[in-house]
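FYI, the UniProt record's numbering numbers position 38 of the sequence shown as 38, with every residue one higher than the one before it. We treat Cβ as the ideally placed atom computed from N, Cα and C, and that holds for glycine. Small disclaimer: the values here were computed from a predicted structure and weren't measured.
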Amino acid sequence: METSELLKRVRKIEIKTRGLSSNIFAGEYHSAFKGRGMTFSEVREYQYGDDIRNIDWNVTARHNRPYVKVFEEERELTVMLLIDVSGSRNFGTVSKLKKNQITEIAAVIAFSAIQNNDKIGVIFFSDKIEKFIPPKKGRTHILHIIRELIDFYPEDRQTNIAVALEYLTNSIKKRCTCFILSDFIDSHNFEHALSIANRKHDVVALRVYDRRENELPAVGLMYLKDAETGESMWVDTSDKALREYYRKFAWEEEQKLINSFKRSGVDVANIRSDEDYVRALITLFKKRA
Numbered sequence: 001m002e003t004s005e006l007l008k009r010v011r012k013i014e015i016k017t018r019g020l021s022s023n024i025f026a027g028e029y030h031s032a033f034k035g036r037g038m039t040f041s042e043v044r045e046y047q048y049g050d051d052i053r054n055i056d057w058n059v060t061a062r063h064n065r066p067y068v069k070v071f072e073e074e075r076e077l078t079v080m081l082l083i084d085v086s087g088s089r090n091f092g093t094v095s096k097l098k099k100n101q102i103t104e105i106a107a108v109i110a111f112s113a114i115q116n117n118d119k120i121g122v123i124f125f126s127d128k129i130e131k132f133i134p135p136k137k138g139r140t141h142i143l144h145i146i147r148e149l150i151d152f153y154p155e156d157r158q159t160n161i162a163v164a165l166e167y168l169t170n171s172i173k174k175r176c177t178c179f180i181l182s183d184f185i186d187s188h189n190f191e192h193a194l195s196i197a198n199r200k201h202d203v204v205a206l207r208v209y210d211r212r213e214n215e216l217p218a219v220g221l222m223y224l225k226d227a228e229t230g231e232s233m234w235v236d237t238s239d240k241a242l243r244e245y246y247r248k249f250a251w252e253e254e255q256k257l258i259n260s261f262k263r264s265g266v267d268v269a270n271i272r273s274d275e276d277y278v279r280a281l282i283t284l285f286k287k288r289a
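Quick look at the structure:
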């Protein structure tokens, strides 16, 4: 993409998503995602009702009267975006590709994070780790992330979510909040890796899908090609039995995915590529808050 065109698209996304994160998501994001825990603040004299487990025995011994440690919530978060850049992201049948929807959602989360003084980093993945951007703060860092979201071209086209989750678990040492942005179309079983990652971190799934992945239109002969494997075939969509089989198969796969998220304890928002993602994100944030 030409540099001038890329900068125009970056600016357009910045204006839209920064406004959303300021006016709509700021409070929701702040209340939905807590800090990593409690951090030490000060030592003061023991008061009636204080937890004796917080007594600082060294200070108590020096002063001959009990002192306790005071803790406060650690607000600063590290936010990681796991971005699926496999071939299937380039699919879209109405007004927007899944790739474009993922880009806007990721930008909204990124701006919400820096407004909350949080660090944000990105892992781009296909069936391997394509690129890692370490967590940092600041507008310049966010714009760099948006540029990569718009103009990143992966080496591979297939999907392996487990690889991305394992990389997250091993590379990010402190607890973080992690958003996985993907269509979750993956022939590999990633539930085990998801459970492990969610025990160490706070993992949230943002599933971006297209409505034609759930049902076929009756439009006669249709040429279909798998964006990740390159396999192709002609399909007669006027065949009602075929359309019903496709719909049932898609529904069963979706149920498997829902059950995997439940068993792993991961919150999920399902966002269609041609629908407004604002309502889905606000619903998710309110549920967590």
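Close beta carbons around residue i, own chain, < 6 Å, minus the five adjacent residues each side
i	result
M222	V235 and T237
I180	L82 and A205
H188	N160 and A162
V108	T17, L20 and S21
I52	none
Y277	I105 and I271
residue 298	Outside the displayed range of the chain (1 to 289) lies residue 298, so it cannot be described from this structure.
V94	D274
D56	V43, Y67 and K69
Cut-off 8 Å between Cβ atoms - residues of its own chain near residue i, not counting five sequence neighbours on either side
i	result
S232	Y223, L224, K225 and D226
K119	E76, L77, T78, V79, A113, P135, K136 and K137
K128	E155, D156, N160 and V163
G220	D236, T237 and S238
S195	R263, S264 and G265
D50	V68
A251	Note that residue 251 corresponds to Trp in the displayed sequence, not to Ala. Cβ within range, chain order: N214.
R139	I114
T283	A269
Whole-angstrom C-beta distance between residue j and residue i, which should lie under 8 Å
i	j	result
V203	I271	At roughly 17 Å, the Cβ-Cβ gap does not stay under 8 Å, so V203 and I271 are not in contact.
V68	Y46	5 Å
V43	V59	5 Å
S168	H201	Reading off the sequence shown, one finds Leu at residue 168, where the question assumed Ser. Going by Cβ atoms, the distance from L168 to H201 rounds to 7 Å, so yes, they are a contact pair.
D210	K98	6 Å
V10	L143	6 Å
Q115	S22	7 Å
F285	T177	Not confirmed; about 12 Å, so no contact.
F190	L165	6 Å
A289	E5	The pair is not a contact, with the Cβ atoms about 39 Å apart (cut-off 8 Å).
S273	K96	5 Å
E228	G87	4 Å
Minimum C-alpha distance to residue i - residue among the options
i	options	result
I83	F184, R9 and D50	F184
S257	I150, L206, S126 and N170	In the sequence as displayed, the identity of residue 257 is Leu instead of Ser. Selected option, being the one with the closest Cα: L206.
A193	C178, S264, Y245 and R211	S264
I145	F111, K262 and P66	F111
E215	A197, G230, D239 and I196	D239
E213	E254, R279, L165 and E191	E254
A218	E228, R199 and R247	R247
N54	R62, A61 and P66	P66
E275	S195, D56 and G92	G92
R89	K12, F152 and L281	F152
I13	H63, H188, R147 and S260	R147
V122	N100, S171 and E252	S171
R199	W57, K173 and S182	K173
D186	S126, A197 and G230	S126
S182	H63, R62, N100 and D56	N100
Close beta carbons around residue i, own chain, < 7 Å, minus the five adjacent residues each side
i	result
E130	V85, F124, P154 and E155
Could you tell me which whole beta strand (DSSP E) segments of length 3 or greater appear in the region 100-164?
Taken in chain order, the unbroken stretches of beta strand (DSSP E) that lie wholly in the region 100-164 and span 3 residues or more are 119-125 and 129-136.
Are there three or more Cβ pairs, one per stretch, closer than 8 Å when the region 14-21 is compared with the region 100-108?
Touching, yes.
Every unbroken alpha helix (DSSP H) within the region 173-241, with a cutoff of 4 residues, ordered by chain
The region 173-241 contains these whole alpha helix (DSSP H) runs: 191-200.
Please give the ranges of any beta strand (DSSP E) in the region 258-288, keeping only runs that are unbroken, at least 3 residues long and fully inside the region.
Within the region 258-288, the complete beta strand (DSSP E) runs of at least 3 residues are 267-272.
Unbroken beta strand (DSSP E) runs of length 3 or more, entirely within the region 49-78: which are they?
Entirely contained in the region 49-78, the beta strand (DSSP E) runs reaching 3 residues are, in chain order, 67-74.
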